[in-house]
Amino acid sequence: MRTSDVTQLMDLAMGLWFPFVRIMAFLRYVPVLDNSALTVRVRIILSLALAIIITSLIPHPIPHDLLSLNSLILTVEQILWGMLFGLMFQFLFLALQLAGQILSFNMGMSMAVMNDPSSGASTTVLAELINVYAILLFFAMDGHLLLVSVLYKGFTYWPIGNALHPQTLRTIALAFSWVLASASLLALPTTFIMLIVQGCFGLLNRIAPPLNLFSLGFPINMLAGLVCFATLLYNLPDHYLHLANFVLQQLDALKGHYGG
516 MRTSDVTQLM DLAMGLWFPF VRIMAFLRYV PVLDNSALTV RVRIILSLAL AIIITSLIPH
576 PIPHDLLSLN SLILTVEQIL WGMLFGLMFQ FLFLALQLAG QILSFNMGMS MAVMNDPSSG
636 ASTTVLAELI NVYAILLFFA MDGHLLLVSV LYKGFTYWPI GNALHPQTLR TIALAFSWVL
696 ASASLLALPT TFIMLIVQGC FGLLNRIAPP LNLFSLGFPI NMLAGLVCFA TLLYNLPDHY
756 LHLANFVLQQ LDALKGHYGG
């Protein structure tokens with residue numbers, strides 16, 4: 516092998532490094548693909564394949580010098596970009612799961628807890644059902660293709676060397692309050708209905724004390740909660756689209772801030 520061939524091969528490998536690091540960090544924190552069932556080897560192969568495809572389409576020049584302090588800083592920048600933008604999509608699923616948690620507490624089913632196989636954290640059964648349904652909606656609505664599109668456009672509007680800005684960090688910080696607000700709005704109708712049911716049982720207890728409302732109230736309360744849960748699942752695709760559009764609007768706002 517000639518020296519020129521070795522040099523070209525090294526330039527190609529160095530040109531893939533920064534896109535590979537950004538994509539790898541993005542896939543590590545983005546929803547669905549962060550599942551523990553997706554092994555590190557599979558994630559590395561997928562990141563490398565996407566890096567090879569996207570690198571040839573990037574309009575901005577990519578630094579090729581890896582043996583410098585500036586390259587180390589750029590590598591950290593790519594990791595932070597992938598983590599922050601992956602969390603933006605992760606907040607979408609977190610809002611839906613939090614709404615399921617609130618509904619479980621209102622139904623009195625907070626004791627029905629299971630371990631989430633993807634994260635290992637304890638979550639209620641209703642929240643896990645909503646999470647599984649959201650994953651199905653993610654693939655049914657071509658969410659995986661959307662993630663690839665965001666990755667490609669990320670190299671256009673947030674190029675290597677100018678990927679982070681204080682406005683990005685501010686948007687991520689404000690997204691935490693958006694998660695709480697979205698979950699509360701999703702669970703508000705069911706919370707109101709469960710409050711009415713509980714109030715009716717309290718009124719019956721004052722009118723007819725001999726009635727055993729402790730044994731009668733829990734199954735009726737659970738039945739009303741399941742009806743609310745079924746209604747929430749029926750309208751979940753619309754809520755999912757609304758939340759996804761909000762995330763994309765935040766990304767567009769950041770893109771406009773960068774002058775893209």
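Note that the numbering used here numbers the sequence shown so that position 139 is 654, with each residue one more than the last. From the three backbone atoms N, C-alpha and C, an ideal C-beta is built for every residue, glycine too.
Asked	Found
For Met529 versus Ile559, is the C-beta spacing smaller than 8 Å?	no
When we look at the beta-carbon of Asn585 and count the other beta-carbons within 10 Å, is it buried (16 or more) or exposed?	exposed
Throw me the rounded Cβ distance for the Thr706 and Asn621 pair, which I believe falls under 8 Å.	5 Å
What are the partner residues of Ser692, as DSSP defines its beta bridges?	Note: Ser692 sits in no beta bridge, so no partner.
Tell me which residues share the same chain as Phe535 and place their Cβ nearer than 8 Å to its Cβ, disregarding the 5 neighbours each side in the sequence.	Ser562, Leu563 and Ala566
Would the segment 728-744 and the segment 665-683 be scored as touching if the rule is three or more Cβ pairs under 8 Å?	no
Who pairs with Met629 in a beta bridge, going by DSSP?	Thr638
Grouping DSSP H, G and I as helix and E and B as strand, with all else coil, what is Pro534?	helix
Does the Cβ-Cβ distance between Arg537 and Gln593 come in under 8 Å?	yes
Do the segment 648-659 and the segment 743-751 touch if we need at least three Cβ pairs shorter than 8 Å?	yes
Can you list, in chain order, the residues of its chain whose CB lies under 7 Å from that of Asn630, leaving out five sequence neighbours each side?	Ser637
By the three-class DSSP mapping on this structure, what secondary structure does Thr590 have?	helix
Does Asp549 come out as helix, strand or coil in the three-state DSSP assignment?	coil
To which residues of the same chain is Ala768 closer than 8 Å at the C-beta, ignoring the five residues directly before and after it?	Thr686
Taking the alpha-carbon of Phe733 as reference, which of Gly623, Pro725 and Gly601 has the nearest alpha-carbon?	Gly623
Nearest CA to the CA of Leu700: which residue from Phe691, Ala610, Thr570 and Leu679?	Ala610
Below 8 Å on the Cβ atoms is my contact criterion, and I expect Gly597 with Phe541 to pass it. Report the Cβ-Cβ distance as a whole number of Å.	4 Å
Within its chain, find whatever has a CB closer than 8 Å to the CB of Val663; leave out the 5 residues flanking it on each side and keep chain order.	Leu565
Starting from Ser571, trace the alpha helix (DSSP H) in both directions and tell me its first and last residue.	Neither: Ser571 is in no alpha helix (DSSP H) and is coded neither H nor E.
Which residue wins for smallest C-alpha separation from Phe600, given the options Tyr544, Ile569, Pro725 and Ala655?	Tyr544
Taking 8 Å as the threshold (C-beta atoms), are Met656 and Val762 in contact?	no
CB Leu618 to CB Gly714, shorter than 8 Å?	no
From the DSSP output, in three-state form, read off Thr679 for me.	In the sequence on display, residue 679 carries Leu and not Thr. DSSP places Leu679 in coil when its eight states are reduced to three.
For Ala702, does the three-state DSSP call read helix, strand or coil?	helix
How many angstroms separate the CA atom of His757 from the CA atom of Ala723?	45 Å
Leaving out five residues on either side along the sequence, give the residues of the same chain with a beta carbon under 7 Å from the beta carbon of Leu595.	Leu679
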